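In my numbering, the protein residues as written are 28 to 175. Structure first, commentary second.
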């Protein structure tokens with residue numbers, strides 16, 4: 028079962044169980060998938076679904092920060108619920124040891140020795156950790172590692 032099929036099945040379950048908030052979050056995801064499919068005229072693959080979900084999660088996390096800063100806790104809670112629904116479709120996150128092992132392999136593979144090689148490392152690293160690690164944090168780790 029593809030990720031898109033799983034999302035559709037979850038939407039049907041949410042409808043039957045009358046879970047309005049969960050249904051709304053899944054519908055937002057479905058709309059984003061459909062829009063991307065129509066805009067780019069491409070077939071949606073699991074990798075594309077994951078990248079869309081990552082983008083939506085990042086948007087939700089930014090919104091939570093803004094709502095919390097603006098003392099709108101009701102809206103922040105709504106966004107947190109959406110984050111929990113969307114996170115269910117993401118693969119298991121890599122722990123620090125797994126990230127370090129993959130990073131060591133990529134640095135050896137690319138022959139990176141300085142911060143100038145960060146682009147090469149990130150381009151080789153991205154497909155290996157797609158959806159399983161926060162690229163912002165990973166970028167900081169790579170930068171620190173190459174600065175050594």
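Quick reminder that beta carbons are idealized off the backbone N, C-alpha and C, glycines included. Computed from a prediction, not measured in an experiment: that's the story for all the values here.
Best match in the options for proximity to residue i [C-alpha to C-alpha]
| i | options | result |
| --- | --- | --- |
| residue 86 | 67, 114 and 71 | 114 |
| residue 74 | 30, 151 and 143 | 30 |
| residue 130 | 94, 172 and 159 | 172 |
| residue 35 | 132, 144, 145 and 116 | 116 |
| residue 83 | 55, 69 and 132 | 55 |
Buried versus exposed call for residue i [16 or more other C-beta atoms within 10 Å across all chains shown]
| i | result |
| --- | --- |
| residue 49 | buried |
| residue 109 | buried |
| residue 66 | exposed |
| residue 100 | exposed |
DSSP state of residue i mapped onto helix, strand, coil
| i | result |
| --- | --- |
| residue 168 | helix |
| residue 29 | coil |
| residue 70 | coil |
| residue 134 | helix |
| residue 121 | coil |
| residue 98 | coil |
| residue 157 | coil |
| residue 35 | helix |
Rounded C-alpha distance that separates residue i from residue j
| i | j | result |
| --- | --- | --- |
| residue 41 | residue 53 | 9 Å |
| residue 76 | residue 174 | 34 Å |
| residue 96 | residue 106 | 14 Å |
| residue 6 | residue 51 | A question about residue 6 goes unanswered here, because the residues of the chain that appear run from 28 up to 175. |
| residue 167 | residue 151 | 16 Å |
| residue 170 | residue 46 | 44 Å |
| residue 28 | residue 57 | 16 Å |
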